[in-house]
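Numbering-wise (my numbering), the sequence shown opens with residue 300 and increments by one.
Some notes on the structure that comes next.
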Amino acid sequence: MIISNNVSAKDLNSFSVDVNVKTLIEIESLDDLDRLELTEPFKVLGGGSNILLTSDLNQPLLVIKLTGITVVKNANEYTLVKVGAGENWHSFVEWTLRHDLGGIENLSLIPGKCGAAPMQNIGAYGVEIKDVLHAVYAYDIQQKRHVVLHHSECGFAYRSSYFKNKWKDRYIITAIVLRLSNSGHHKIHTHYGAIQSKLNENKIDKPSIQDVSRAVIAIRRDKLPDPKLLPNAGSFFKNPVVSSHKMEELKESFPDIVHYPHEGMFKLAAAWLIDQAGWRGYRNEKAVGTHKNQALVIVNEGHAHGSDIYALAKEIMTSVASKFGIQLEPEVNIWN
Ligand code: FAD
Ligand code: NAP
Numbered sequence: 300m301i302i303s304n305n306v307s308a309k310d311l312n313s314f315s316v317d318v319n320v321k322t323l324i325e326i327e328s329l330d331d332l333d334r335l336e337l338t339e340p341f342k343v344l345g346g347g348s349n350i351l352l353t354s355d356l357n358q359p360l361l362v363i364k365l366t367g368i369t370v371v372k373n374a375n376e377y378t379l380v381k382v383g384a385g386e387n388w389h390s391f392v393e394w395t396l397r398h399d400l401g402g403i404e405n406l407s408l409i410p411g412k413c414g415a416a417p418m419q420n421i422g423a424y425g426v427e428i429k430d431v432l433h434a435v436y437a438y439d440i441q442q443k444r445h446v447v448l449h450h451s452e453c454g455f456a457y458r459s460s461y462f463k464n465k466w467k468d469r470y471i472i473t474a475i476v477l478r479l480s481n482s483g484h485h486k487i488h489t490h491y492g493a494i495q496s497k498l499n500e501n502k503i504d505k506p507s508i509q510d511v512s513r514a515v516i517a518i519r520r521d522k523l524p525d526p527k528l529l530p531n532a533g534s535f536f537k538n539p540v541v542s543s544h545k546m547e548e549l550k551e552s553f554p555d556i557v558h559y560p561h562e563g564m565f566k567l568a569a570a571w572l573i574d575q576a577g578w579r580g581y582r583n584e585k586a587v588g589t590h591k592n593q594a595l596v597i598v599n600e601g602h603a604h605g606s607d608i609y610a611l612a613k614e615i616m617t618s619v620a621s622k623f624g625i626q627l628e629p630e631v632n633i634w635n
């Protein structure tokens with residue numbers, strides 16, 4: 300365990316917000332968790348790609364650095380792999396591709412650490428981690444003991460899980476176990492977004508999991524800003540889900556509205572709503588704005604405070620609510 304005091308958070312979050320972290324505690328082993336004697340509330344950090352820091356952090360900040368990739372079971376059709384919470388997510392995806400294990404190729408190039416992946420049930424291009432997640436190893440802060448939570452207990456839903464709501468601040472995730480398909484048993488998902496057209500462009504008609512990953516990486520590199528060059532936290536808001544009744548009303552006023560059937564309701568593309576409200580590519584005097592290719596991504600082009608970024612997010616929410624009667628909800632975790 301390494302403890303440091305008064306550390307700048309600038310390199311710890313993908314918005315590059317510079318606040319002071321009073322106490323930073325790097326967790327390097329499971330024993331470190333047993334040894335922790337915290338009497339006050341604290342925060343847990345992975346790669347910092349889904350948080351917005353709006354003020355100095357006076358609570359201790361635990362950075363989870365537990366690493367390691369282990370094959371737990373090798374069955375005929377699938378392999379169970381356990382990966383430490385501190386492993387980089389995309390490096391782990393690359394590891395699975397090198398071992399020809401399928402299931403997370405559509406989730407290539409998502410920033411962050413493996414331990415955060417169950418938090419919001421990361422998803423992209425028609426795949427969510429819940430589709431392959433077998434179990435979560437965690438430290439229960441209330442009961443001060445290590446537990447294993449099965450997939451079915453974790454309340455996974457669209458960009459959500461119990462870790463984000465009902466169990467907020469209760470568990471420190473230490474490792475996850477994924478059930479990945481073995482060679483000859485892969486299920487390829489290419490129907491979503493631009494994957495199929497990218498494969499067509501490259502004249503690939505029978506894509507492997509590695510081809511799908513390459514297509515996803517190429518699309519993401521074209522469209523999304525690299526946080527190292529233009530700080531951001533990915534989609535700032537969740538895509539709203541509305542009833543059929545609300546959908547009919549919206550279609551009458553906005554016949555082109557982008558929408559998809561979603562579990563008996565309709566999912567709207569928040570990016571389209573924000574774009575139509577006039578915000579795509581916008582910059583304010585603090586150099587905070589939205590990305591020119593994807594209005595759902597709020598960017599910090601200068602040296603804005605977290606509160607400046609949050610202020611723009613609230614302006615966008617008000618504007619979308621007044622145009623469409625829809626309340627956007629942040630997907631990014633706001634820490635204040
Ligand atoms: P952090 O930002 O460090 O933490 C996020 C939350 O999880 C916090 O509440 C934190 O307290 C908690 N947490 C982190 N680690 C642990 C742990 N070990 N135990 C308990 N709690 C923990 N997300 C998607 O779903 N799909 C995408 O396609 C996607 N694309 C993105 C693209 C870009 C350019 C960016 C910047 C972000 C994108 N994201 C996407 C959002 C983000 O990358 C994911 O949510 C990612 O899983 C966050 O990981 P992290 O380690 O950075 O989490
Ligand atoms: P896109 O392909 O331009 O699509 C825009 C929106 O339409 C997405 O939000 C997506 O919903 C939805 N969509 C597209 N095709 C769909 C289909 N066949 N069925 C149902 N919904 C469909 O989106 P993008 O911005 O380039 O992102 C591509 C993927 O990466 C998306 O899955 C997106 O969620 C993910 N991504 C997530 C983040 C993040 O921070 N959370 C950041 C960047 C990209 P979904 O979002 O529900 O998939």
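Note that the Cβ used here is the ideal one computed from N, Cα and C, for glycine as well.
From a predicted model like this one, the values you see are computed outputs, not experimental measurements.
| Check | Outcome |
| --- | --- |
| Proximity of Lys412 and Gly492 at Cβ, strictly below 9 angstroms | no |
| Contact test: Gly346 Cβ vs the ligand NAP heavy atom, cutoff 8 angstroms | no |
| Tyr581 versus Val447 - alpha carbon distance | 45 angstroms |
| Start-end ranges of the alpha helix (DSSP H) lying completely within the segment 457–505, minimum 4 residues | 494–500 |
| Length at least 4, wholly inside the segment 522–558: the alpha helix (DSSP H) runs in chain order | 543–552 |
| Met418 beta carbon near the ligand FAD (any heavy atom closer than 8 angstroms) | yes |
| Endpoints, alpha helix (DSSP H) assigned at Thr617 | Gly605 to Phe623 |
| Check: Tyr491 C-beta below 8 angstroms from any heavy atom of the ligand FAD | no |
| Residue interval of the alpha helix (DSSP H) (run including Ser390) | Trp388 to Arg397 |
| Check whether Tyr436 and Ile472 have beta carbons under 9 angstroms apart | yes |
| Option in Pro629, Gln626 and Gly605 with minimal Cα separation from Val635 | The identity of residue 635 in the sequence shown is Asn, whereas the question assumes Val. Among Pro629, Gln626 and Gly605, the Cα nearest to that of Asn635 is on Gly605. |
| Separation of Val318 from Ile494, as counted between CA atoms | 39 angstroms |
| DSSP state of Trp571 mapped onto helix, strand, coil | helix |
| Supposed contact pair Val598 and Leu524 - C-beta distance, whole angstroms, cut 8 angstroms | The question names Leu, yet the displayed sequence has Pro at residue 524. Pro524 to Val598, Cβ: 6 angstroms. Contact. |
| N-terminal and C-terminal residue of the alpha helix (DSSP H) that Arg444 is part of | Counting along the chain, Arg444 falls outside any alpha helix (DSSP H), though it belongs to the beta strand (DSSP E) covering Arg444 to His449. |
| Three-way DSSP call (helix, strand, coil) for Val511 in this model | helix |
| Any non-hydrogen atom of the ligand NAP within 8 angstroms of Lys566 CB | yes |
| Proximal residues to Leu352 (C-beta, below 7 angstroms), its chain only, five neighbours per side dropped | Ala308, Asn312, Val316, Val318, Gly605 and Trp634 |
| In DSSP terms, what Asn373 is bridged to | Thr378 |
| Check: Gly533 C-beta below 8 angstroms from any heavy atom of the ligand NAP | yes |
| Inter-residue CB distance, Phe455 and Asn420 (contact presumed, cutoff 8 angstroms) | 5 angstroms |
| Candidates Ala612, His449 and Met418, of which the one nearest Lys465 by Cα | Met418 |
| Close Cβ partners of Arg469 (< 7 angstroms) along its chain, the five nearest in sequence each way excluded | Asp439, Ile440 and Gln441 |
| Inter-stretch contact (C-beta, 8 angstroms, three-pair minimum) for the segment 535–550 and the segment 567–582 | yes |
| Rounded separation between Leu396 and Ser552 - CA only | 46 angstroms |
| Backbone secondary structure at Glu325 - three-state DSSP | strand |
| Asn519 CB to nearest heavy atom of the ligand NAP below 8 angstroms | In the sequence under discussion, the amino acid at residue 519 is Arg, which differs from the Asn named in the question. Yes; taking the cut-off as 8 angstroms, the Cβ of Arg519 has a heavy atom of the ligand NAP nearer than that. |
| Cα-Cα separation, Val511 to Ser534 | 22 angstroms |
| Contact test: Leu627 Cβ vs the ligand SAM heavy atom, cutoff 8 angstroms | Ligands in the displayed structure: the ligand FAD and the ligand NAP; the ligand SAM is not one of them. |
| DSSP-derived helix/strand/coil call for Lys591 | coil |
| Leu595 beta carbon near the ligand NAP (any heavy atom closer than 8 angstroms) | yes |
| Cβ-Cβ distance between Gly367 and Glu336 below 9 angstroms | no |
| Distance cut-off 8 angstroms: Leu329 Cβ against heavy atoms of the ligand FAD | no |
| Cβ-heavy atom distance, Leu572 to the ligand NAP, below 8 angstroms | no |
| DSSP bridge partner residues for Tyr581 (one or two, in chain order) | Bridge partners of Tyr581: none, in fact. |
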